[in-house]
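Protein chains in written order, with our numbering: chain Y, 1 to 406; chain X, 1001 to 1406. All residues carry an ideal CB built from backbone N, CA and C; glycine is no exception. Let me begin by presenting the structure, written as structure tokens, before commenting on it.
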């Protein structure tokens, strides 16, 4: 049995978090402004895009999160406030100030996040009116609206909550995320916001958020393009009343399992809703020399256009998988590597000792016709493992990203 | 005026080279076996795939080219002899031995190259009979057949010749190449073979082939997947009778210009015939801090699925270009970067000082409706420049690589 229970909840499921999702008017008719606020100041952790052309809200939020204490997050969709120069930075700061003023908390305790069209100045009068509206709409049941208002061309809102017991107290972790897909001229952006009422040490939270990010969000790929606006933020307000979670807490592993589950769930859901995706691909690497090698080879497989189109075509094209490992830069020996493809339709070993196994086409067809496919690569060299998730490359990806103006 | 003249020639245009292209039977009906032979031993230079899962012919040819002297190249299409284990290596060696025996030259002077389906054992009786046929068909006019027999799903044969005068002697350089595209389960492969009758120092030839490769073949991208079989080989037989070309030769620059032109031409032609390509994209980076930065940013732009689909959709999506530079890992300052898009339809500056210029949609539409598009990125930081070439990502790419079995 699991150490935690999964709920159809979201960021307002943990104690003491209110949220809202409203229509400010940046988008024509859909919700475009999300506000997340804790009743009390939180320990906070954030991970931001490494893209050097990072957006104004990323620049500003990275600065504010340095204190490790936050109380709120203001998010808009419809405009990424990216490549907007110094005015963009001023606008991002003004969004924070307006939110802080309306909530009567200090600006340093707020971060801002944006996703949408890039290179277009923020329509600040609309945005500021939207912030007022979002503040007025705050509620302890607002998580669902919040999850909807960060969507761009996502086909579904993404949220989850888990509950577990720590020190005999009920602890809840809730999260919302958005994935890839915009029908405006810009790039996809990944956003993930997680709230929890656990009482936790800030440094501990930050350390493990980084580790979780490397294992989850950093192991997904829709199209290999790293956005200017990616952001993951966690707020922990301590209202569960447990004794402070840290490295020495006896239930540390129990918490980390639940914490990891939430991030992995949100990351996988983003991929499942990838632009044009018809397949969900999990790649697991076994027995690599280093974790870095395992991760690098997974990313190379998941980013290969040839591998992705083969999955779209339901084609057991194992040469492309081996080829993409070959140019990934990892250390391996051809004569030791084996590869399996699995799904509900069965399990077929396609490569053994670096050579094709002469599997039956009929068997591989049975595996590939399913939506969820597992690729298992065994390097047979070391003891390190890793997992990553991606999707196929379909006509619809090309359509969504290329042909929408014609 | 140019220092050299361009001809509709190929690898048999230089003096003393014979070639053939025949149907051995690896493919159903198309030519599948190419042989290139010089009348006399040549100075040789080769560049091979860096893919760790490299094919048997690559392993064997890398060994043979170490002496720096070659006289012939045997090439088959239809089977890549990749991921074929120790038997594949034995088969590649046997192809060399059979060719050497039939030509009565030593095996060490022959290299072998293969492209086609991977993971399938070479049909050696067919291959050996094909080698005999190719030897019998050798002629001083065989270059056209040779260019055809290395094709896979290329839509056109790729060849060129240039002539220039060195020491008052006519020197000729000829080349053939194949690009990407196979409707069998395997990856695309790039092959390029260049012959010349110039009298040249071996180390000089090898040094500049490496430099040219970095500037030409290594700067093209169709889909970012590095093949297991890529190979570039140059044979120089010295029959032009010039005094030995080397670092101190007074006409060194003249030769290098022509040599570069041939490689750039072949590389660009491969991209132009990229799988499903409807656009030919040249990216030029100006004023970067280092050549490495310039090249890295070019590759990042050309490999971005979002940039590629935008070009397919004729969408002036400058944010995606800037984004792909942002995650390329190069050193730049947002407030200095500018980007132009040019074609026969005009020239539009789309980014200035890291921000959109507010260009007119009508102007950018005029630029993007043409087939050949130039992207000019000016970092305004240093003095280094570089160029690279790629293509768009179209429905047909997905079709060719994904849906051909359905």
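The segment 1387 to 1401 of chain X in contact with the segment 1305 to 1316 of chain X per 3-pair CB rule at 8 Å: Contact between the segment 1387 to 1401 of chain X and the segment 1305 to 1316 of chain X is present: 3 or more CB-CB pairs across the two stretches fall below 8 Å.
DSSP beta-bridge partners of residue 1231 of chain X: DSSP output for residue 1231 of chain X lists X:1048 and X:1191 as bridge partner(s).
Test: residue 1394 of chain X CB closer than 9 Å to a CB of chain Y: Residue-level contact check: residue 1394 of chain X touches chain Y, since one or more beta carbons of chain Y fall below 9 Å from its beta carbon.
Length-filtered (4 minimum) alpha helix (DSSP H) runs lying within the segment 1267 to 1355 of chain X: Within the segment 1267 to 1355 of chain X, the complete alpha helix (DSSP H) runs of at least 4 residues are 1291 to 1303, 1305 to 1312 and 1318 to 1326.
CB contact below 9 Å: residue 1327 of chain X versus chain Y: Taking CB atoms only, residue 1327 of chain X has a neighbour in chain Y less than 9 Å away.
Any C-beta of chain Y under 9 Å from that of residue 1340 of chain X: It does not: the Cβ of residue 1340 of chain X has no partner Cβ on chain Y nearer than 9 Å.
Contact with chain Y by residue 1407 of chain X, beta-carbon distance below 9 Å: An answer regarding residue 1407 of chain X cannot be provided, because it is not within the stretch 1001 to 1406 covered by chain X.
Any chain X beta carbon closer than 9 Å to residue 311 of chain Y: Residue 311 of chain Y counts as touching chain X.
Rounded distance between the beta-carbons of residue 1152 of chain X and residue 1116 of chain X, thought under 8 Å: 6 Å between Cβ atoms; contact.
Contact check, residue 21 of chain Y vs residue 100 of chain Y, beta carbons under 9 Å: In this structure, residue 100 of chain Y does not lie closer than 9 Å to residue 21 of chain Y by Cβ.
Secondary structure of residue 413 of chain Y, DSSP reduced to three states: Nothing can be reported for residue 413 of chain Y, as the shown portion of chain Y is limited to 1 through 406.
Per-residue DSSP class, three states only, for residue 401 of chain Y: Looking at residue 401 of chain Y - three-state DSSP - the assignment turns out to be helix.
Nonlocal neighbours in the same chain, by C-beta distance under 6 Å from residue 231 of chain Y, ignoring five residues either side: In the same chain as residue 231 of chain Y, and ignoring 5 residues on each side of it, the C-beta atoms closer than 6 Å to its own belong to 48, 113 and 191, in chain order.
In DSSP terms, what residue 76 of chain Y is bridged to: Bridge partners of residue 76 of chain Y: Y:33 and Y:114.
Exposed unless 16 or more other CB atoms sit within 10 angstroms - verdict on residue 140 of chain Y: Residue 140 of chain Y is exposed by the Cβ-count criterion.
Environment of residue 1329 of chain X [buried if 16+ CB atoms lie within 10 Å]: Residue environment for residue 1329 of chain X: exposed (fewer than 16 other C-beta atoms within 10 angstroms of its C-beta).
Sequence-distant residues of its chain with Cβ nearer than 6 Å to residue 55 of chain Y (five each side left out): Hits under 6 Å: 80, 81, 82, 228 and 229.
Helix, strand or coil at residue 1026 of chain X according to DSSP, with G and I counted as helix: Residue 1026 of chain X sits in coil when the DSSP states are folded into three classes, being neither helix nor strand.
Reduced DSSP secondary structure (H/G/I, E/B, other) of residue 148 of chain Y: In this structure, residue 148 of chain Y counts as helix in the three-state DSSP scheme.
Backbone secondary structure at residue 1157 of chain X - three-state DSSP: Annotated three-state conformation of residue 1157 of chain X is coil, per DSSP.
Where residue 1335 of chain X falls, given that 16 or more other Cβ within 10 Å makes a residue buried: An exposed status is given to residue 1335 of chain X, since fewer than 16 other beta-carbon atoms sit within 10 Å of its beta-carbon.
Within 9 Å, strictly: CB atoms of residue 9 of chain Y and residue 43 of chain Y: Not in contact: residue 9 of chain Y and residue 43 of chain Y (Cβ atoms no closer than 9 Å).
Beta-carbon proximity of residue 216 of chain Y to residue 294 of chain Y, cut-off 9 Å: No, these two residues do not count as a Cβ contact at 9 Å.
Start and end residues, beta strand (DSSP E) containing residue 171 of chain Y: Run containing residue 171 of chain Y: 169 to 178, per the beta strand (DSSP E) assignment.
Contact with chain Y by residue 1132 of chain X, beta-carbon distance below 9 Å: Put simply, the CB of residue 1132 of chain X is far from chain Y, with every gap to its CB atoms at 9 Å or more.
For residue 39 of chain Y, three-class secondary structure by DSSP: Correct three-state label for residue 39 of chain Y: strand.
Cβ pair count under 8 Å reaching 3, the segment 123 to 130 of chain Y against the segment 21 to 33 of chain Y: By the criterion of at least three beta-carbon pairs nearer than 8 Å, the segment 123 to 130 of chain Y is in contact with the segment 21 to 33 of chain Y.
Extent of the continuous alpha helix (DSSP H) to which residue 1385 of chain X belongs: Annotation for residue 1385 of chain X: no alpha helix (DSSP H) segment contains it, though the beta strand (DSSP E) segment containing it runs 1384 to 1391.
Of the listed residues X:1368, X:1205, X:1123 and X:1134, nearest to residue 1103 of chain X (C-alpha basis): With respect to the C-alpha of residue 1103 of chain X, the residue from X:1368, X:1205, X:1123 and X:1134 having the closest C-alpha is X:1134.
Residues bridged to residue 1007 of chain X (per DSSP): Per DSSP, the beta bridge partners of residue 1007 of chain X are X:1161.
Beta carbon proximity, residue 332 of chain Y to chain X, threshold 9 Å: True, the Cβ-Cβ gap to chain X drops below 9 Å.
Same chain, Cβ closer than 7 Å to residue 352 of chain Y, neighbours up to 5 away in sequence not counted: Within the same chain, residue 352 of chain Y has close Cβ partners 338.
contact_flag[the segment 231 to 250 of chain Y, the segment 203 to 221 of chain Y] where n(CB pairs < 8 Å) is 3 or more: Between the segment 231 to 250 of chain Y and the segment 203 to 221 of chain Y there are three or more inter-stretch CB-CB distances shorter than 8 Å, so the stretches are counted as touching.
Straight-line Cα distance separating residue 1313 of chain X from residue 401 of chain Y: C-alpha separation (whole angstroms): 8 Å.
Below-9 Å beta-carbon distance, residue 228 of chain Y vs any chain X residue: Interface residue, yes.
Distance between residue 367 of chain Y and residue 346 of chain Y (C-alpha atoms, nearest Å): Residue 346 of chain Y and residue 367 of chain Y have their C-alpha atoms roughly 5 Å apart.
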